[in-house]
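Sequential numbering of the sequence shown, starting at 345, is according to the working numbering.
Accompanying notes for the structure given below.
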Amino acid sequence: MHFRILRQMSLLFFVFFVCVGCSDTHLPAVEQKEGDGVTKTARYAPFDGERAMRYLTNICQIGPRSSCSEGMRRQQESLIQHFTPLVERTGGRVAIQSFGGKDPRDQSDCQFANLVVEWYPERLNRILLCAHYDTLPYPMRDAVDPKGVFVGANDGASGVALLMVLGEELPSLNLPFGVDFVLFDAEEYRFGKDDPFCLGSTYFAQTVRDSQNRQRGATSQTAPDLAAATPTVVRYHAAVLLDMIADADLKIFQEHNSLSWRDTRPLVQEIWNVAGRVGVREFVSRPKYWIEDDHLPLHEIAGIPACDLIDFDYPVWHTRADTPDQCSAKSLAKVGLVVREWLKTTRCCPSR
Ligand SMILES: [Zn+2]
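Laid out in structure tokens, this is it:
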């Protein structure tokens, strides 16, 4: 997530743009309070945050993983190895969704690839859980060395690590619908503020829209009665995007775009209600930022209700200091618990 954000200062009724590529952006410190959340969460099977943290650290040890890089290739290999035996337990597979793009520096050709883990692939009613797995090529907000090494511990590895652990649990959750994990490439293959972003999610959303249009057209022409009686089109009832969810100083506000879309507001409320129920107080039931992230193409192009879970109060964002020591197993455990309990109880997705 990056680039342009609207922050609403509700007390002042004043809205202004912040260019997040600018190094003078000041992100306010966040107060962290530990309440009785720990005792409440004890009623639920804990999500293995330590394990997720180990995955996060391992991913960062690969080094930078920007699109088209050797690091990205190595990450893809290890993720395919990780997810394949798990997803096969539900009859599913790991698919690579390749698409061509350009290096924004010289317009040379570049091959991007989303990684899609398809759980229960035969089910037409589906939920999408996603994160971006590419890292910003350079830490452009770093005051000392904006061309230095950027490993994206929170901004890149955190969502991937959480999904790696959730994938280990998923076959035993006995969910009544299909699930796709999608790891988006080229969310931020950017070298300057004018370079395009969210390319992987845009491509994915276009393929969803196109295949729905094709299937609807074919079905309505050949068998309108059958089309009315039997769902034949894959439908994503909800998308939950995980971005920067491992900050040791965790606080996740609702995101303004998600909340402003009529078809997505119930999803946002459902997730924050689950957080309240399981005692994760770091989910704050009010909005703070407008964020341009991968959920926008999912909603605007594919029409999927799409919620962004993001902790944008992260002072080392897009600097060399976005390293594992800024992240915590506890935060990953909390977000993982909320996502898993939401999956188990959501009413947004019909069976099968
Ligand atoms: Zn970023």
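Every residue gets a Cβ at the ideal spot worked out from N, C-alpha and C, and that includes glycine.
Check, Outcome
"At least 3 beta-carbon pairs within less than 8 Å: the stretch 667-677 vs the stretch 584-601", "yes"
"Helix, strand or coil at C542 [DSSP, three-state]", "coil"
"Option in A475, Q451, S602, N458 with minimal Cα separation from G496", "A475"
"Terminal residues of the alpha helix (DSSP H) in which F673 lies", "The sequence shown places Ala at residue 673, rather than the Phe named in the question. Counting along the chain, the alpha helix (DSSP H) containing A673 begins and ends at 673-689."
"Simplified DSSP state of R696, which is helix, strand or coil", "coil"
"Range covered by the beta strand (DSSP E) that runs through P408", "Careful: P408 lies outside any beta strand (DSSP E) and carries neither H nor E."
"Delimiting residues of the alpha helix (DSSP H) encompassing R418", "414-432"
"For Y580: DSSP bridge partner residues", "R470"
"N458 vs L527 beta-carbon contact at 8 Å", "yes"
"Beta-carbon spacing of S504, Y477 below 8 Å", "The residue asked about is misnamed: residue 504 is Val in this sequence, not Ser. Going by C-beta atoms, V504 is nearer than 8 Å to Y477."
"Sufficient close CB pairs (3 or more, under 8 Å) joining the stretch 549-560 to the stretch 641-649", "yes"
"Range covered by the alpha helix (DSSP H) that runs through A650", "Careful: A650 lies outside any alpha helix (DSSP H), inside the beta strand (DSSP E) at 650-654."
"Per DSSP, cross-strand counterpart(s) of D587", "I654"
"Range covered by the beta strand (DSSP E) that runs through N617", "Unbroken run through N617 is the alpha helix (DSSP H), 609-622; no beta strand (DSSP E)."
"For D453: DSSP bridge partner residues", "K446"
"With 16 other Cβ atoms within 10 Å as the buried cut-off, status of V683", "buried"
"Integer Cβ distance of T434 from P515, believed to fall under 8 Å", "5 Å"
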